[in-house]
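*Asks:* Which chain is which? The protein sequence lines are B and R, in order.
Per the numbering used here, residue 1 is the first one in the first sequence, and the count goes up by one each step.
Per the numbering used here, residue 1001 is the first one in the second sequence, and the count goes up by one each step.
Glycine included, each C-beta is placed from N, C-alpha and C at the ideal position.
None of the values given here were measured: they were computed from a predicted structure.
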Amino acid sequence: MSYTFFVTRGRTRTRFIENKVGGAMMMVLALLLVLLAFGLILKGLSSSAYREVDVINQHLRAVSVGESTFAQVVSRLSTLSWSERWFKGGADFQADMPIAGGYASYVIQDAARHPASPDPLSSQVFSHGEQADLYVRATYRRSTVLMFWRLTMTEDSLDMMARIVPACYTFTPQDGTLSPSQTTLIGQRVNAWLGERDVNRPITQSLLLAVKRAASATQLQSVLGFTPPAPVLDGSPTPESPDGMSGSAPPVGASGGLTPATLPSFSRAQLPLLPSPPSVSPLPPAIASAVASSGRSVSEFGGRGTRGHSTTTISARGGGSGGDEDEDGGDGD
Amino acid sequence: MRMAVTVTRSPSDLRPQTLLTGVRSPESGLESVRGLLCQSPGMKGFSLLEVVLAFLILGLALAPILSLFPSAGKQARQTSDVGQALALQERTAEELRVAAWENPHLARGLSLDPQCSQDLPVVDGGSPFFRAVENDLAPGGPLVPGPDSSINAQKPSLYRALRTYRFSVRSQMRALPTTGQVLDLSFRTLWKDFANRDSTLEMTTVVPVYSVRQGTPWVVKSRERADRLIVKACYPSRSGLSLPQLFSSGNLAAMRDLGDMVIVMLPLVYWTSYYDAQVSQFESMATTASSDIDLFRIRLAQGRLHEARAAACVNAMVYLAPALQRMATALDPATLNPKPPLVLIRNMAIETALIRAEFHRALTAAVSAYCGAYNSPGAGQLTRVQARAFLRAIDCIKLQTLTIGPEDTTFLKSMLVGFLAVEEGRDQYYADYARVESEHVLSTNSLRASFPNQSLIKGWKLYNAALEPGVTEVLHRTAGASSSSSVVGVSPASLTTE
């Protein structure tokens, strides 16, 4: 590159210019190019980060749309008894409902039957006969989520607010199809998970017991089947705890002087212990005497010699007192 | 690299010479800076303008590029601000969704509290939604009880990030097109951005509103099916006929009253055995429970079982109340044609009276079991899970107060006051629940007025009013018949399994 025009103190120095090859401008322009590229990269990174946040925002909003759909379905279902559910005759499919700024579609149908759980406690919830599977596809702008719930209706509850308890909740891949058959498929998969949990429960329970009984790290290792690594040979041994695990307790500064043996138990002293409710006669005197004259007693409901339930002992601390029942009929005074 | 600096000696001799190093580098680009170093006033520094021009161009080019840095910073700040606002809204939405499950007073509380809809500061406990934040200490927050603080200066980074944020929630009940209601929630977050301008983020969502569901005994939900069961239970020899065919002479309504009592009561009697077996099983499990959590689950399941039995009893009583009243005033067994066995009527009257006692026992046992769960040590048990047992106990005691009695809310008040003391500052929603409930249980009248299922209370009153005259009258009229359930022509199990 050569200069075509150069002025020094008002005079044109053509000869000089003709002999010169300018390097500074080249460097400046090269630097400019580098800076431009750098700027573009920066701008790209910055807007990319912003787009990422926008994607996350849209995803969260899509989840919100899905949960709003769930709320609408549950609210509708909670006003009906199970026998009056609108999808009794078959799956109910609703598509592209505008809700909470997005769109949602759902399928609701009776749950795939789950075999009875061997655990009587789990069987009360997961093997309940009155269950429905709800599959929702929620869309907010360009973000879509698919969500699956298994709903349990507790019709035999004293809860005056009819409630529906979600027994299971999961996301599914976004490319899933929203259809009754797919819902059934997921329901069966959920059943498999629940079955697997039933199978695993005894194992985890026994492991939990063993872990609770372990008094030292060494015992814990053997309970968990942990094989300690081979001792390192290239360093100098620590005289206080050669194996690094079963040595003396760490200095006070590290643990506050607490060892597993001296850890205080979790105190629930702050919880209000529930006092005993006052006892009351279940039958008015006139009725009691009329029933008694028929040869029956109030403790013989159904003539089957049911167990009586006492007025309760509620205030005892430490568990095990709840549900205390004596055998005296417990029918009050 | 050694620097070669050249100087022009005179206008006629423009060949550069080395000044400092003696290294001549005529092709070097650094020649262009030579004008700057001209020491002599007589020297002609023609390249100064070149360099100045270059720097000018460079400066002009750098200006927008450099402006990217603060722009990127502003964008990052804006992104961060939006993220913070979104996090606040998501947190509140999740908490309100949980609260909607657990607190029946949520919708009312949001609509009554004027602070909810005002744009109040998030920090220093201004907004009611951020008066207490958990996770005060890492990791997982304090294990010891005590009031959690708001977002204050003691949490400097969080305080700095959120000090300009204001938050409000607007709620509106909405009836669904077919059945039910939902609560539309609209969140708004306001904050000052990097240029001290107002920014806003809004989000809407929906949470469920629970409504009262009246439990009709399932055996009488279908009249046709119920009629078939009545014939099967009371007239097994005429099972080929329908109930309207049997009672075409005007006794149909009376027979339906009596028949409903039979088919509602018999399954209850049957299920009593089932419940007893379950309770026995849970008791044996409790004695061998391997962990506190298991014991907690067992107590909770026991409570659930007793509650289900109490629910069946109260539903049956409420449903039977009108039938009982009609039976007490109008039903004369002598006028029934064809006549059902008198002993059947007698048995049903007795069972109807005994169901009240059974209801009382089931309710008391449910309260006992739920309180046992709540009072159990349950090491490692989540407080929210544990609090659910408390809420169930409260529901049971409320129903007991309004039905069996005694009509005294002192017990309820003491429970709620203790619960409020624990949850105040720890869990806002349980604290709110306890606060509202404490207002409801000031007296039996206020409790009755706030009870959601008024039809249940009305049914209970009817049942009680009809019970004594009805049972006494029936026992009087059927005095000769011996009381035994074996005369009923059908087993309870066959009724429940149909």
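By alpha-carbon positions, which one of R:LYS1192, R:SER1280, R:CYS1234, R:LEU1049 ends up nearest to ARG1160 of chain R?
*Replies:* As a position in the second sequence, residue 1160 of chain R is number 160, starting the count at 1. Ranking R:LYS1192, R:SER1280, R:CYS1234, R:LEU1049 by Cα distance to ARG1160 of chain R puts R:LYS1192 first.
*Asks:* Within the continuous alpha helix (DSSP H) that includes ASP1432 of chain R, where are the two ends?
*Replies:* In the second sequence, residue 1432 of chain R corresponds to position 432, counting from 1. 1428-1440 is the extent of the alpha helix (DSSP H) around ASP1432 of chain R.
*Asks:* On the DSSP letters alone, give me the boundaries of the beta strand (DSSP E) that PRO105 of chain B sits inside.
*Replies:* For the purposes of this step, residue 105 of chain B is taken as residue 105 along the first sequence, with counting starting at 1. In the sequence under discussion, the amino acid at residue 105 of chain B is Ser, which differs from the Pro named in the question. Where SER105 of chain B is concerned, the enclosing beta strand (DSSP E) stretches over 102-110.
*Asks:* Are the C-beta of GLY39 of chain B and some C-beta of chain R separated by less than 7 Å?
*Replies:* Numbered from its first residue, the first sequence carries residue 39 of chain B at position 39. Chain R contact via Cβ: present.
*Asks:* Determine the extent of the beta strand (DSSP E) in which ARG1160 of chain R is found, giving its start and end residues.
*Replies:* As a first step, residue 1160 of chain R must be located in the second sequence, where it is residue number 160. Here ARG1160 of chain R belongs to no beta strand (DSSP E); instead the alpha helix (DSSP H) covers 1156-1162.
*Asks:* Is it true that the stretch 1392-1412 of chain R meets the stretch 1348-1363 of chain R, where meeting means three or more beta-carbon pairs spaced less than 8 Å apart?
*Replies:* At 8 Å Cβ cutoff, the stretches touch.
*Asks:* When we look at the beta-carbon of ASP1432 of chain R and count the other beta-carbons within 10 Å, is it buried (16 or more) or exposed?
*Replies:* Here residue 1432 of chain R refers to the residue found at position 432 when the second sequence is read from its first residue. Under this definition ASP1432 of chain R is a buried residue.
*Asks:* Does the Cβ-Cβ distance between GLN1325 of chain R and ALA1175 of chain R come in under 7 Å?
*Replies:* Here residue 1325 of chain R refers to the residue found at position 325 when the second sequence is read from its first residue. Here residue 1175 of chain R refers to the residue found at position 175 when the second sequence is read from its first residue. Not in contact: GLN1325 of chain R and ALA1175 of chain R (Cβ atoms no closer than 7 Å).
*Asks:* Note down, in chain order, every chain R residue with its Cβ under 8 Å from the Cβ of LEU31 of chain B.
*Replies:* For the purposes of this step, residue 31 of chain B is taken as the residue at position 31 of the first sequence. Residues of chain R passing the Cβ test: LEU1058.
*Asks:* Check PHE226 of chain B in the structure and name its three-state DSSP category.
*Replies:* Translated into positions along the first sequence, residue 226 of chain B becomes position 226. Of the three classes helix, strand and coil, the one that applies to PHE226 of chain B here is coil, per DSSP.
*Asks:* Are there any heavy atoms of the ligand SAM lying less than 6 Å away from the beta-carbon of ASP159 of chain B, as far as the coordinates show?
*Replies:* As presented, the structure is devoid of all ligands, the ligand SAM included, so that no description of it is given.
*Asks:* If you draw a straight line from the C-alpha of VAL1231 of chain R to the C-alpha of SER1242 of chain R, how long is it?
*Replies:* Start at 1 with the first residue of the second sequence, and residue 1231 of chain R comes out as number 231. Start at 1 with the first residue of the second sequence, and residue 1242 of chain R comes out as number 242. The alpha-carbon atoms of VAL1231 of chain R and SER1242 of chain R are separated by roughly 7 Å.
*Asks:* Whole angstroms is fine: what's the gap from PRO272 of chain B's alpha carbon to TYR1430 of chain R's?
*Replies:* Locating residue 272 of chain B in the first sequence gives position 272, counting from the first residue. Locating residue 1430 of chain R in the second sequence gives position 430, counting from the first residue. Note that PRO272 of chain B scores 46 on pLDDT, short of 50, meaning its location in the model is unreliable; the coordinates nonetheless yield the value given after this. Roughly 14 Å separates the two Cα atoms.
*Asks:* May I ask you to list, following chain order, the residues of the stretch 1308-1341 of chain R that have a beta carbon less than 8 Å from some beta carbon of chain B?
*Replies:* So the list reads ALA1308, ALA1310, ALA1311, ALA1312, VAL1314, given in the order they occur along the chain.
*Asks:* Suppose the cutoff is 6 Å on Cβ atoms and the five residues either side in sequence are ignored; what does the same chain contact list for ARG1188 of chain R look like?
*Replies:* Counting from 1 along the second sequence, the entry for residue 1188 of chain R is found at position 188. Once the five neighbours on either side are set aside, the close Cβ partners of ARG1188 of chain R are SER1168, GLU1202.
*Asks:* By a C-beta neighbour count over all protein chains shown, 10 Å radius and 16 as the cutoff for buried, is SER310 of chain B buried or exposed?
*Replies:* Within the first sequence, numbered from 1, the residue matching residue 310 of chain B stands at position 310. Legend: pLDDT at SER310 of chain B = 31, less than 50; position of this residue unreliable, no value from coordinates given.
*Asks:* Just to confirm before moving on: does the CB-CB distance between ASP336 of chain B and ARG113 of chain B stay below 7 Å?
*Replies:* Here chain B comprises residues numbered 1 to 333, so residue 336 of chain B is not present and cannot be evaluated.
*Asks:* Classify VAL73 of chain B: buried if its beta carbon has 16 or more other beta carbons within 10 angstroms, exposed otherwise.
*Replies:* Here residue 73 of chain B refers to the residue found at position 73 when the first sequence is read from its first residue. Buried: at least 16 other Cβ atoms inside 10 Å.
*Asks:* On the criterion of 16 or more Cβ atoms from any shown chain inside 10 Å, does SER46 of chain B qualify as buried, or is it exposed?
*Replies:* Within the first sequence, numbered from 1, the residue matching residue 46 of chain B stands at position 46. SER46 of chain B comes out buried.
*Asks:* Any idea what DSSP makes of LEU134 of chain B, helix, strand or coil?
*Replies:* What you label residue 134 of chain B is simply residue 134 of the first sequence in a count that begins at 1. Note: LEU134 of chain B maps to strand in three-state DSSP.
*Asks:* Indicate whether the contact test is met: 3 or more Cβ pairs, each with one atom in the stretch 1344-1351 of chain R and one in the stretch 1469-1479 of chain R, closer than 8 Å.
*Replies:* Yes: at least three Cβ pairs fall under 8 Å.
*Asks:* Classify ASP1332 of chain R as buried or exposed, calling it buried when 16 or more other Cβ atoms lie within 10 Å of its own Cβ.
*Replies:* Looking up residue 1332 of chain R in the second sequence gives position 332. Per the 10 Å Cβ criterion, exposed.
*Asks:* Any idea which residues DSSP pairs ARG1174 of chain R with across the strands?
*Replies:* For this step, residue 1174 of chain R is matched to residue 174 along the second sequence. Paired residue(s): R:VAL1182.
*Asks:* How far does the beta strand (DSSP E) with ARG150 of chain B in it extend, from its first residue to its last?
*Replies:* Locating residue 150 of chain B in the first sequence gives position 150, where the first residue counts as 1. 143-153 is the extent of the beta strand (DSSP E) around ARG150 of chain B.
*Asks:* Give the secondary structure of GLN983 of chain R by DSSP, where H, G and I count as helix, E and B as strand, and everything else as coil.
*Replies:* No statement about residue 983 of chain R is possible, as the shown extent of chain R runs from 1001 to 1498 and does not include it.
*Asks:* Helix, strand or coil for SER1291 of chain R? Go by DSSP, reduced to three states.
*Replies:* The count along the second sequence starts at 1 and reaches residue 1291 of chain R at position 291. It is coil, neither helix nor strand.
*Asks:* If you check the beta carbons only, do LEU208 of chain B and VAL107 of chain B fall under 7 Å apart?
*Replies:* Translated into the one-based positions of the first sequence, residue 208 of chain B becomes position 208. Translated into the one-based positions of the first sequence, residue 107 of chain B becomes position 107. Cβ atoms of LEU208 of chain B and VAL107 of chain B: not closer than 7 Å.
*Asks:* Only counting the same chain, and skipping five residues up and downstream in sequence, which positions put a Cβ closer than 7 Å to that of THR1410 of chain R?
*Replies:* For the purposes of this step, residue 1410 of chain R is taken as the residue at position 410 of the second sequence. Contacts found: none.
*Asks:* Can you list the residues of chain R that GLY101 of chain B reaches, using a CB-CB cut of under 7 Å?
*Replies:* By 1-based counting over the first sequence, the position of residue 101 of chain B is 101. What GLY101 of chain B touches in chain R: THR1204.
*Asks:* Might you give, ordered along the chain, the residues of its own chain that have their beta carbon closer than 8 Å to the beta carbon of THR1164 of chain R, omitting 5 neighbours on each side?
*Replies:* Here residue 1164 of chain R refers to the residue found at position 164 of the second sequence. Excluding sequence neighbours, THR1164 of chain R sits near TRP1191, LYS1192.
*Asks:* Could you spell out where the alpha helix (DSSP H) holding PRO1244 of chain R opens and where it closes?
*Replies:* Within the second sequence, numbered from 1, the residue matching residue 1244 of chain R stands at position 244. That run of the alpha helix (DSSP H) goes 1243-1246.
*Asks:* Classify VAL1209 of chain R as buried or exposed, calling it buried when 16 or more other Cβ atoms lie within 10 Å of its own Cβ.
*Replies:* Taking the first residue of the second sequence as 1, we reach residue 1209 of chain R at position 209. Flag for VAL1209 of chain R reads buried.
*Asks:* Run through chain R and tell me which residues come within less than 7 Å of GLU130 of chain B, C-beta to C-beta.
*Replies:* Indexing the first sequence from 1 puts residue 130 of chain B at position 130. Neighbours of GLU130 of chain B on chain R: none; closest Cβ ~11 Å, over 7 Å.
*Asks:* What is the DSSP secondary structure of ARG1346 of chain R, counted as helix, strand or coil?
*Replies:* As a working mapping, residue 1346 of chain R is identified with position 346 in the second sequence. Helix at ARG1346 of chain R.
*Asks:* Using a Cβ cut-off of 8 Å, which residues of the stretch 1210-1225 of chain R contact any Cβ in chain B, in chain order?
*Replies:* Listed by position along the chain: TYR1210, SER1211, VAL1212, ARG1213, GLY1215, THR1216, TRP1218, LYS1221.
*Asks:* 7 Å is my cut-off, CB to CB: does THR1478 of chain R come that close to chain B?
*Replies:* Working through the second sequence from its first residue, we reach residue 1478 of chain R at position 478. No, no contact with chain B.
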